[in-house]
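Asker: Quick one: this structure, given as structure tokens, is what I'll be asking you about.
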Amino acid sequence: GTFVVQVTATDADDPTYGNSAKVVYSILQGQPYFSVESETGIIKTALLNMDRENREQYQVVIQAKDMGGQMGGLSGTTTVNITLTDVNDNPPRFPQSTYQFRAPESMPLDSPVGRIKANDADVDENAEIEYSITEGDGYDMFGITTDKDTQEGIITVKKALDFESKNLYILKVEATNTHVDPRFLYLGPFKDSATVRIQVEDVDEPPMFSRPAYIMEVKEDVPLNSIIGTVTAQDPDAAKNPVKYSVDRHTDMDRVFNINSGNGSIFTSKPLDRETLLWHNITVIAAEINNPKQSSRVPVFIKVLDVNDNAPEFAMFYETFVCENAKAEQLIQTLSAVDKDDSYNGHQFSFSLAPEAASSSNFTLQDNRDNTAGIFTRKTRYNRHETSTYFLPVVISDNDYPIQSSTETVTIRVCACDHRGKMLSCNAEALIHPTGLSTGALIAILLCIIILLVTVVLFAALRRQRKKEPLIISKEDIRDNIVSYNDEGGGEEDTQAFDIGTLRNPEAIDDNKLRRDIVPETLFMPRRTATARDNTDVRDFINQRLKENDTDPTAPPYDSLATYAYEGNGSVAESLSSLESVTTDGDQDYDYLSDWGPRFKKLADMYGSMDSDKDS
Numbered sequence: 007g008t009f010v011v012q013v014t015a016t017d018a019d020d021p022t023y024g025n026s027a028k029v030v031y032s033i034l035q036g037q038p039y040f041s042v043e044s045e046t047g048i049i050k051t052a053l054l055n056m057d058r059e060n061r062e063q064y065q066v067v068i069q070a071k072d073m074g075g076q077m078g079g080l081s082g083t084t085t086v087n088i089t090l091t092d093v094n095d096n097p098p099r100f101p102q103s104t105y106q107f108r109a110p111e112s113m114p115l116d117s118p119v120g121r122i123k124a125n126d127a128d129v130d131e132n133a134e135i136e137y138s139i140t141e142g143d144g145y146d147m148f149g150i151t152t153d154k155d156t157q158e159g160i161i162t163v164k165k166a167l168d169f170e171s172k173n174l175y176i177l178k179v180e181a182t183n184t185h186v187d188p189r190f191l192y193l194g195p196f197k198d199s200a201t202v203r204i205q206v207e208d209v210d211e212p213p214m215f216s217r218p219a220y221i222m223e224v225k226e227d228v229p230l231n232s233i234i235g236t237v238t239a240q241d242p243d244a245a246k247n248p249v250k251y252s253v254d255r256h257t258d259m260d261r262v263f264n265i266n267s268g269n270g271s272i273f274t275s276k277p278l279d280r281e282t283l284l285w286h287n288i289t290v291i292a293a294e295i296n297n298p299k300q301s302s303r304v305p306v307f308i309k310v311l312d313v314n315d316n317a318p319e320f321a322m323f324y325e326t327f328v329c330e331n332a333k334a335e336q337l338i339q340t341l342s343a344v345d346k347d348d349s350y351n352g353h354q355f356s357f358s359l360a361p362e363a364a365s366s367s368n369f370t371l372q373d374n375r376d377n378t379a380g381i382f383t384r385k386t387r388y389n390r391h392e393t394s395t396y397f398l399p400v401v402i403s404d405n406d407y408p409i410q411s412s413t414e415t416v417t418i419r420v421c422a423c424d425h426r427g428k429m430l431s432c433n434a435e436a437l438i439h440p441t442g443l444s445t446g447a448l449i450a451i452l453l454c455i456i457i458l459l460v461t462v463v464l465f466a467a468l469r470r471q472r473k474k475e476p477l478i479i480s481k482e483d484i485r486d487n488i489v490s491y492n493d494e495g496g497g498e499e500d501t502q503a504f505d506i507g508t509l510r511n512p513e514a515i516d517d518n519k520l521r522r523d524i525v526p527e528t529l530f531m532p533r534r535t536a537t538a539r540d541n542t543d544v545r546d547f548i549n550q551r552l553k554e555n556d557t558d559p560t561a562p563p564y565d566s567l568a569t570y571a572y573e574g575n576g577s578v579a580e581s582l583s584s585l586e587s588v589t590t591d592g593d594q595d596y597d598y599l600s601d602w603g604p605r606f607k608k609l610a611d612m613y614g615s616m617d618s619d620k621d622s
């Protein structure tokens with residue numbers, strides 16, 4: 007009788023006209039699970055305790071018929087799909103009562119041993135299960151968690167397993183619904199339990215030391231090969247394989263210690279010194295003889311105990327002075343000592359003068375009984391010119407066993423002092439700071455010298471670059487020398503090196519025109535001069551050029567030869583240049599050379615013979 011849904015049918019006929027619009031509902035399909043009220047169309051359940059796990063979907067067909075459902079009425083149908091929703095009315099159930107698992111004893115912690123699952127016919131949150139271990143001898147050795155995706159219980163290892171200690175664990179695991187509906191508690195408890203048996207398997211394990219770490223003590227004066235302690239390790243397996251020991255040399259690079267590979271006894275192989283190293287931290291390795299890969303390590307901390315093997319010595323180097331005008335019994339230095347050895351009750355030192363200096367010394371020593379001593383003057387005055395330095399041997403002893411003592415020397419210099427006892431000077435090295443320049447001042451002076459040298463070098467380099475090349479180079483006197491340009495003409499056929507016509511017509515000289523066959527050697531700009539007029543006498547031409555050279559500001563400050571390269575028009579011999587001879591078509595007559603005298607005889611013979619050859 008539980009309400010499910012209400013359906014409604016409409017009729018377009020006039021409801022006031024008889025029963026034409028009176029609709030009656032009936033169920034055609036869906037019985038005996040559902041029913042419908044004929045007048046209202048309300049669909050209700052018709053059975054008790056419908057089980058979703060048996061059937062979840064239902065299809066109900068409802069008919070609506072007019073005319074009050076009488077014969078001849080018209081009808082229409084509709085289909086209603088009904089789905090049963092789930093309730094938690096089914097408890098979880100294990101498909102089997104006992105589960106068997108195996109776990110090797112070397113299994114790491116939190117590793118899964120196995121999975122179990124209880125089935126629940128419900129769905130969604132009604133099927134959620136929580137697993138727990140309720141009892142068993144492995145209650146504290148194992149744990150169980152729930153996989154939310156698969157609703158499985160995962161058994162994990164909580165403590166290390168040991169086959170030799172226990173090889174079988176029996177657990178009782180319980181599965182419980184997390185969402186229980188109180189309406190269905192009468193159906194019974196919504197939980198189930200199962201037994202889980204876990205068999206521990208034996209594996210080959212490395213040896214196990216009797217302690218996690220070892221601490222040993224040894225005196226620093228023990229003889230070599232003295233045993234200082236023993237480590238013990240055993241094979242935990244049932245086979246009890248023999249074990250061998252060794253020292254990890256990465257932790258004992260100097261090989262100070264060694265170990266008996268059979269019984270694990272550690273002994274010294276080098277002398278020990280507490281003052282050098284107080285603690286030695288080494289690692290011992292235990293490995294199975296049959297299977298060396300199975301090994302384990304343990305740290306061993308070795309403390310070196312102190313023995314009185316060091317004599318006391320001065321706490322610092324003492325170099326004191328005494329004034330020439332010192333008085334007797336005047337304190338000039340306080341001494342203190344240190345001892346490298348350790349003393350549990352505190353050090354107690356005694357001071358005294360060496361026997362050879364006790365009676366003849368100019369100074370006395372007083373032990374203050376507080377590990378200090380004072381040096382006092384024995385006489386009134388000292389003369390630094392007679393003795394500038396005194397060496398006072400002092401014997402220092404300790405009170406430990408065996409007693410250790412040493413002789414230290416105090417250097418005492420005799421110095422001149424003022425009336426207040428302030429040292430002024432000593433014959434030897436002064437004990438105060440020197441009155442000269444400090445280190446900082448010396449460094450500053452050195453930097454200034456370096457900067458000055460760099461400046462001079464740069465200035466000289468600039469002067470060298472700016473210095474003009476001299477017009478003449480002479481190893482002796484630079485005066486009255488001819489400027490040599492080392493320029494050689496190209497011969498008779500060279501018509502491009504120099505225009506000979508310029509000599510005939512001085513007005514045609516182009517001051518800015520440079521020679522094309524050589525690079526100009528001077529950096530001076532060419533001097534512009536007025537061109538000579540036609541038919542100017544050579545004397546006037548030379549005087550004009552001489553005046554120009556005398557007034558030229560760029561001329562060198564010494565006598566030099568100026569060549570003007572102008573023949574003039576009044577020469578009796580006219581031009582001797584062979585360049586002009588090529589302009590004539592006819593043969594030249596050189597007989598007139600014989601009339602010039604003996605100086606031109608050679609030239610006359612040369613050209614005269616040429617003419618004779620031509621004639622022949």
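All residue numbers for the sequence shown refer to the numbering used here, where the first residue is 7 and numbers rise by one. Each residue gets a CB set at the ideal place from its N, CA and C atoms; glycine is no exception.
Would Ser171 be called buried (16 or more neighbouring beta carbons within 10 Å of its own) or exposed?
Answerer: So Ser171 ends up on the exposed side.
Asker: May I ask you to report which of helix, strand or coil DSSP gives Asp19?
Answerer: Reduced to three states, the DSSP call for Asp19 is coil.
Asker: Can you give me the start and stop residues for the beta strand (DSSP E) that Asp198 sits inside?
Answerer: Start and end: 197–207.
Asker: DSSP state of Asn547, grouped into three classes?
Answerer: According to the sequence shown, residue 547 is Phe rather than Asn. Here Phe547 sits in helix by DSSP.
Asker: Under 6 Å Cβ to Cβ from Pro248, same chain only, skipping five residues before and after it: list those, please.
Answerer: Same-chain partners within the cutoff: Ile295.
Asker: So what does DSSP say about Ile438, is it helix, strand or coil?
Answerer: Note that Ile438 scores a pLDDT of 40, beneath 50, so its modelled location is shaky; the value from the coordinates is reported in the next line. The answer is coil: DSSP assigns Ile438 none of H, G, I, E or B.
Asker: Measure the C-alpha to C-alpha separation of Pro218 and Pro229 and round it to an integer number of angstroms.
Answerer: Between Pro218 and Pro229, the C-alpha separation is close to 29 Å.
Asker: Just to confirm the assignment, what range does the alpha helix (DSSP H) spanning Glu362 have?
Answerer: First-last of the alpha helix (DSSP H) with Glu362: 361–364.
Asker: Quick one: residues in its chain with C-beta nearer than 8 Å to the C-beta of Asn389, no 5 flanking neighbours on either side, listed in chain order?
Answerer: Answer for Asn389: Glu330, Val420, listed in chain order.
Asker: Quick one: complete beta strand (DSSP E) runs, 3+ long, within the segment 348–402?
Answerer: Complete beta strand (DSSP E) runs here, min 3: 356–359, 369–373, 378–383.
Asker: What does a CB cutoff of less than 7 Å around Asn264 pick up in its chain, not counting 5 residues either side in sequence?
Answerer: Taken in chain order, the residues that qualify are Val253, Phe273, Ser275.
Asker: Around the Cβ of Asp128, are there at least 16 other Cβ atoms within 10 angstroms (buried) or fewer (exposed)?
Answerer: The residue in question, Asp128, is buried, as its Cβ has 16 or more Cβ neighbours within 10 Å.
Asker: Could you tell me how far apart the beta carbons of Val209 and Ile161 are, in whole angstroms, since I believe they sit closer than 8 Å?
Answerer: The Cβ separation is near 19 Å, so there is no contact.
Asker: Label Tyr623 either buried or exposed according to how many other C-beta atoms from any shown protein chain fall within 10 Å of its C-beta, with 16 as the threshold for buried.
Answerer: The requested residue 623 does not occur in the structure, where the chain is confined to residues 7 to 622.
Asker: Could you check whether the segment 444–451 touches the segment 348–357, counting it as contact only if at least three pairs of C-beta atoms, one from each stretch, sit closer than 8 Å?
Answerer: No, because fewer than three Cβ pairs between the segment 444–451 and the segment 348–357 fall closer than 8 Å, the two stretches do not touch.
Asker: Would you mind giving the Cβ-Cβ distance between Asp143 and Tyr175, rounded to the nearest angstrom? I have them listed as a contact below 8 Å.
Answerer: Confirmed, about 6 Å.
Asker: Let's see if you can read the secondary structure: which residues bound the beta strand (DSSP E) around Gly446?
Answerer: Premise fails: Gly446 lies in the alpha helix (DSSP H), 445–472, not in any beta strand (DSSP E).
Asker: How should Arg280 be labelled, buried or exposed, when 16 other C-beta atoms within 10 angstroms of its C-beta is the threshold for buried?
Answerer: Classification for Arg280: buried.
Asker: State yes or no: is the C-beta of Leu278 within less than 9 Å of the C-beta of Glu226?
Answerer: For Leu278 and Glu226, yes; Cβs fall inside 9 Å.
Asker: State whether the segment 83–97 contacts the segment 53–70, with contact taken as three or more CB pairs (one from each stretch) at a distance under 8 Å.
Answerer: Yes: at least three Cβ pairs fall under 8 Å.
Asker: Could you give the DSSP three-state label for Glu131: helix, strand or coil?
Answerer: It is helical.
Asker: Cutting at 8 Å between CB atoms, please list the residues of its own chain near Gly268, excluding the five before and the five after it.
Answerer: The answer, listed in chain order, is Lys250, Tyr251.
Asker: Which residues in the same chain have their Cβ closer than 8 Å to the Cβ of Ala561, if we skip the five residues on either side of it in sequence?
Answerer: Excluding positions up to five away in sequence, the list reads Asn555.
Asker: Is it right to say Asn549 is buried, meaning 16 or more other beta carbons lie within 10 angstroms of its own, or is it exposed?
Answerer: Asn549 should be labelled exposed.
Asker: Nearest-angstrom Cα distance between Pro114 and Thr8?
Answerer: Their Cα atoms are separated by approximately 58 Å.
Asker: Applying the 10 Å Cβ sphere with the 16-neighbour rule, what's the burial state of Asp611?
Answerer: Result: exposed.
Asker: Helix, strand or coil: how does DSSP classify Pro118 here?
Answerer: The answer is strand: DSSP assigns Pro118 an E or B state.
Asker: If contacts are defined as beta-carbon pairs under 8 Å, then Phe169 and Ser302 qualify, I think. What distance do you get, rounded to the angstrom?
Answerer: With a Cβ gap of about 17 Å, Phe169 and Ser302 do not count as contacting.
Asker: When you compare the segment 414–431 with the segment 450–470, are there three or more beta-carbon pairs, one atom per stretch, that lie closer than 8 Å?
Answerer: The segment 414–431 vs the segment 450–470: no contact.
Asker: With which residues is His286 paired in a DSSP beta bridge?
Answerer: Answer is Ile308.
Asker: Does the Cβ of Thr537 have 16 or more other Cβ atoms within 10 Å, making it buried, or fewer, making it exposed?
Answerer: Confidence at Thr537 is low in this model, with a pLDDT of 49, below 50, so its placement is unreliable and the value that follows should be read with caution. Result: exposed.
Asker: Kindly identify the DSSP beta-bridge partner or partners of Val66.
Answerer: Its beta-bridge partners are Val86.
Asker: By how many angstroms is the C-alpha of Lys197 removed from the C-alpha of Gly235?
Answerer: Spanning the two alpha carbons is a distance of roughly 60 Å.
Asker: Is there a Cβ from chain D that is less than 9 Å from the Cβ of Val344?
Answerer: Absent from the structure: chain D. Only one protein chain is present.
Asker: Assuming Asn132 and Asp92 are in contact, meaning their beta carbons sit under 8 Å apart, how far apart are those beta carbons, in whole angstroms?
Answerer: Asn132 to Asp92, Cβ: 5 Å. Contact.
Asker: In angstroms, rounded to a whole number, what distance separates the CA positions of Ala292 and Asp347?
Answerer: Looking at the two C-alpha atoms, the distance is approximately 36 Å.
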